[in-house]
Amino acid sequence: MTDCLFCKIIAGTTPAHLVLETPEVVGFLDIRPVFKGHTLIVPREHIATMVELPDELTVPLFGTARSVAAAVRNAFGAQGSFVAVNNVVSQSVPHLHVHVVPRTKGDGLRGFFWPRTKYADDTEAAEYADKLRGALAEG
-7 MTDCLFCKII AGTTPAHLVL ETPEVVGFLD IRPVFKGHTL IVPREHIATM
43 VELPDELTVP LFGTARSVAA AVRNAFGAQG SFVAVNNVVS QSVPHLHVHV
93 VPRTKGDGLR GFFWPRTKYA DDTEAAEYAD KLRGALAEG
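One point on numbering: in this note's numbering, the residue at position 16 of the sequence shown is 8, and numbering is uninterrupted.
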C-alpha cells in the first residue's frame, strides 16, 4: 500500500531504526516510545488489523513479538514488557503492529494511559536499536 507509513518503512523508502527483519515480519523502534526501546513488530504484507491476519502469519508475528519481549530484558535491563495490539481504535497507523514496551517496576505506566517520551536524537535511537539487535542475536 503506497500511502501506508509502515509499508514505506518495510520498503526502505522511509527511514526507521530497524531491529529485525525476517521474510514475514519487520521490527523497528516506535518514533514516539512509551519508554525507550519500545518496538513495533509488523507483518511485511499490508494487513490492517489482527482480525484480518491470516493463520500462516500468526506464529511468525507473535513468535517474533515473544522474542523481542525476551530480548528487551537483556538489552535494556527491563524486568519485563508490555505487549499490546490496537485494532482500529487507538491504531494510529492502519497496518497491524504489535507494541513491545520494556517495563520496570515503578516505571509509572498505569492502565492504558500511555505517556510518550522522545529519544534525545537520532544517535540515541540508533544506540537503542543496536542494543536490541544484539540481544536478539544472542537469543
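Backbone N, C-alpha and C define an ideal beta-carbon position, used for all residues, glycine too.
- Residue F27 holds the alpha-carbon nearest to the alpha-carbon of G72 among P7, L88, F27 and T5.
- In its chain, beyond the 5 residues on either side, V93 and R95 have a beta carbon closer than 6 Å to the beta carbon of F74.
- Annotated three-state conformation of T56 is helix, per DSSP.
- Cβ neighbours of N79 within its own chain (closer than 6 Å, five residues either side excluded): T41 and M42.
- Here the alpha carbon of E44 sits roughly 19 Å from the alpha carbon of I2.
- Here L12 is bridged, per DSSP, to G19.
- In this structure, DSSP gives L88 a state outside helix and strand, which the three-state scheme calls coil.
- Under DSSP, G72 takes part in a beta bridge, and its partners are R95.
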